[in-house]
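Residue numbers (my numbering): 1401 to 1845.
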């Protein structure tokens, strides 16, 4: 007789199955995976819903009923993933293979991991017949990686009843960051927005055999050099809270550097001196400013023709509280004159109250499994589906607790080659998340 799987092992097995569904977006094609998960939940006696926004585009929604004495708890994730380059992976990105206690696959971090953990916590509450004072709702959405309009955006517009909740638990937080060897667990309470910015230079076309000084590609050269610079230093409340929390548990000299990051006159020197790994240093720098990185170049029609126009496309990331006009002015000040600046899309950053009781509940759940753990409010430098909930009466935090493990850094692996997660960390996330749900929705003190 085979022994039943532990909750962590069951979540790993389910995540393996999920990774074997290719939900690369575009096109997404989440429907087969949603039907697969819905069948598993139905077999447990639950009533999952398949919410179809279009052909092959679907999100999973399931509700575990409480007594209604408190408003629901929403657990949200997404099932689509970014493209992968299989030839650059050591294990197939859609193979769901485990090697050396590590599970490889596109989505093993972003964000099928979150969905697997949430589903496991829901099933544990259901199987234990946990008395609930609030409904527990799980949504694993489509289309987050390409804007969410076939996923959470569509749900917000067509099925808002699924989003009526007091608290939300989301992706993009919970991972421990090492600062001077001290793990700081992140609770994502804010995130940057997005802006599509185009810089277009115009000049005089001609034959390449007769170069001249009105070549638009040359005009863009100096602009691109300046774009490597930084937009002005800004400190948002969530970012200040993170560095202040980290400073309280650091050695005095390191704590001083962390607080210096909040001072525009001292931040650059402090960042260079801070004892953190390069990916963390880059993330901290991006947390302290709006960013606008060049990502695409477009120019020319033929090798021997000087073109009349050249463009660089930029990916902007505005901080919460920054307006479209403010953001455009910052970019313009860095770019200078001589090129046209066009902003085709602007989405403001998002921030939730980082002083809500949800943070304390997360701290308590984490402490049960990691005594002495430090949890700090945190701003994600990217964006999530939480933006679709900003107009609702809900507090949404990103929290998928992951111990720091060498070689499994979230910020390097998210959207990177060989995306992976340790099976031990999946189990850790399940244990902490179940305790959190039991505390928030059940009768656990």
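From the three backbone atoms N, C-alpha and C, an ideal C-beta is built for every residue, glycine too.
Contact between residue 1599 and residue 1623 holds: CB atoms are separated by about 6 Å, below the 8 Å threshold.
Judged by their CB atoms, residue 1643 and residue 1671 are not nearer to each other than the 8 Å cut-off. When only Cα atoms are considered, residue 1582 and residue 1832 end up about 20 Å apart.
In this structure residue 1471 is in contact with residue 1565, their Cβ atoms being roughly 6 Å apart against a cut-off of 8 Å. In the structure shown, the three-state DSSP call for residue 1619 is helix. Taken in chain order, the unbroken stretches of beta strand (DSSP E) that lie wholly in the segment 1425 to 1507 and span 3 residues or more are 1449 to 1454, 1457 to 1464, 1473 to 1478 and 1502 to 1504. Inter-residue distance for residue 1421 and residue 1513 is about 13 Å (C-alpha atoms, whole angstroms). Here DSSP, grouped into helix, strand and coil, assigns residue 1798 to strand. Relative to the Cα of residue 1668, the nearest Cα in the group 1426, 1630 and 1814 belongs to 1630. In the DSSP assignment, residue 1822 is bridged to 1502.
Ranked by how close their Cα comes to the Cα of residue 1747, the residues 1784, 1759 and 1739 have 1784 in first place. When secondary structure is reduced to three states using DSSP, residue 1734 falls in the helix class.
According to the DSSP assignment, residue 1527 belongs to the alpha helix (DSSP H) that extends over 1512 to 1527. The C-alpha of residue 1836 lies about 28 Å from the C-alpha of residue 1498.
Of the other Cβ atoms in all chains shown, fewer than 16 fall within 10 Å of the Cβ of residue 1625; this residue is therefore exposed. When Cβ pairs closer than 8 Å are counted between the two stretches, the segment 1808 to 1824 is seen not to touch the segment 1769 to 1777, the count staying below three. DSSP places residue 1553 inside the alpha helix (DSSP H), whose first and last residues are 1552 to 1558. In the displayed model, residue 1407 falls within a helix according to three-state DSSP. Within the DSSP secondary-structure output, residue 1779 pairs in a beta bridge with 1590.
For residue 1768, the enclosing alpha helix (DSSP H) begins and ends at 1757 to 1769.
No residue range can be given for residue 1739, since it is assigned to no beta strand (DSSP E) and is classified by DSSP as neither H nor E. Annotated as distal: residue 1602 and residue 1519, with beta-carbon spacing of 8 Å or more. Residue environment: residue 1609 is assigned as exposed (fewer than 16 neighbouring CB atoms within 10 Å of its CB, all protein chains considered). In this structure, the straight-line span from the alpha carbon of residue 1769 to that of residue 1552 is close to 32 Å. In the three-state DSSP reduction, residue 1673 falls in the helix class (H, G or I). The residues 1425, 1426, 1428 and 1480, in chain order, have a CB closer than 8 Å to that of residue 1546 in the same chain once the five nearest residues on each side in sequence are set aside. DSSP places residue 1641 inside the alpha helix (DSSP H), whose first and last residues are 1637 to 1649. Just so you know, the alpha carbons of residue 1742 and residue 1829 end up roughly 43 Å apart. According to DSSP, residue pairing for residue 1715 in a beta bridge involves 1596 and 1693. Residue 1583 sits in a strand when the DSSP states are folded into three classes.
For residue 1610, no alpha helix (DSSP H) run applies, since DSSP gives it neither H nor E. When C-alpha distances from residue 1412 are compared across 1834, 1841 and 1824, the shortest belongs to 1824. With a threshold of 16 other beta carbon atoms within 10 Å, residue 1469 falls short and is exposed. Contact fails between the segment 1502 to 1510 and the segment 1526 to 1536, because fewer than three Cβ pairs, one in each stretch, are under 8 Å apart. For residue 1541, the enclosing beta strand (DSSP E) starts and ends at 1536 to 1541.
Annotated three-state conformation of residue 1726 is helix, per DSSP.
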